[in-house]
Each structure stands twice: as structure tokens, then as C-alpha cells.
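Shown next, in C-alpha cells, is the structure this report addresses.
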Amino acid sequence: MERRAKEDEGRREALEGLEKEKNGKDGIIIVVLATDASLHPLHLQMVAKKAKCGLSRVRGVGHNPSGDIFLGFSTTSEIPVQTVTANKRAVDPWKPAPMDVQVLDDQTIHGLFEAAADATEEAIYNALCMAETMVGVDVRVIEALLLER
């Protein structure tokens, strides 16, 4: 009987802890994905959205007002830069000109989706495992994770 009471007390404490965590404020995360793959802006947006899968792998769930930000950019396409002097401009801002840009085919970007999730997951684990103890406002101490456990 005593053992049962201890188990019930343990369950109650665990549920109270979960409820407290559930009602507590979530933090925000900013994920920046960089690639040298030639992606159309819509494809890049799709890849950045897949970073949420990496966040969910480490038990992070985005809520509607969470403030999580997922950004992605590609370094592949070169765009001519305007020079300061008006008579030697590489691009005339008053005359729209078409540009040729190479982008990957829709069918070939699925591997990038998985890579975005994997990179996000690993970055979160690296941030957690390599963090150091810090002291914040009002001498609030946030302890680093003990990796020896």
C-alpha cells in the first residue's frame, strides 16, 4: 500500500511538472539555412520550411504565436551590382532587363528537404551540448548541460 502511495505521488508530481512546462512560455528560435544549390526562391522557401521537421525531432513544436523564424538563402546566382557613378553603371535601374538564372528541377530537391531537417536538428543539439553556464538579469543562473550523464 505504501509503495502504491509513493507511485501515485510520483505520478502526480510528474503531471504537475508537465503542466507547469506546458503553461510556461516557450522560447523562440531563428534558423538560417545557407546553400550553394541553385534554387528558385519558392524552392528555397520550401527548404526553409522543412527546418521545422528538424526542430520537431528535438521535441520543439511551433505554436502559432511562437515567433519562430526560418530563413534560407542561396549563394549560387550572381547578380550584377550597380556602381555609384551614374555614367559607369553595370545595371541601369531605369531599364528592366531579363536575367538568366539556373535553378534545380523540382524532382531533384527532395534530398535538400531532408538535409535542411538534419542540419537544423544537429545545430540545436550542438547549441545545447556546447553551451556554457551563464548568468543573466537579477543573477539568474542557467546551468550548462552535464554531458557526463
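For what it's worth, UniProt numbering labels the leading residue of the sequence shown as 1, then goes sequentially.
Virtual Cβ for every residue (Gly too), placed ideally from N, Cα, C.
Buried or exposed for residue i, please, with buried defined as at least 16 other CB atoms from any protein chain shown within 10 angstroms of its CB.
i	result
L146	exposed
K49	exposed
T120	buried
L33	buried
A97	exposed
I28	exposed
I30	exposed
I109	buried
L128	exposed
From residue i to residue j, what does the alpha carbon distance come to, in whole angstroms?
i	j	result
V144	V101	Per the sequence shown, the amino acid found at residue 144 is Ala instead of Val. Taking the straight line joining both Cα atoms gives about 46 Å.
V103	E13	54 Å
S38	R59	31 Å
M130	S77	34 Å
E7	E16	14 Å
S74	N126	23 Å
D36	I79	15 Å
A51	H43	13 Å
G10	C53	33 Å
R140	S56	28 Å
A123	A116	11 Å
E132	D118	24 Å
M46	D106	11 Å
E114	E148	30 Å
G111	I142	37 Å
What does DSSP give as the partner residues of residue i in its beta bridges?
i	result
M134	I142
T35	S74
I69	I30
So with Cβ pairs under 9 Å, would you call residue i a contact of chain C?
i	result
R59	Checking the listed chains, one finds no chain C in this structure; it contains a single protein chain.
Inset, instruction - Count the C-beta pairs between the stretch 66 to 80 and the stretch 124 to 136 that are closer than 8 Å, then say yes if the count reaches three, no if not. - result: no
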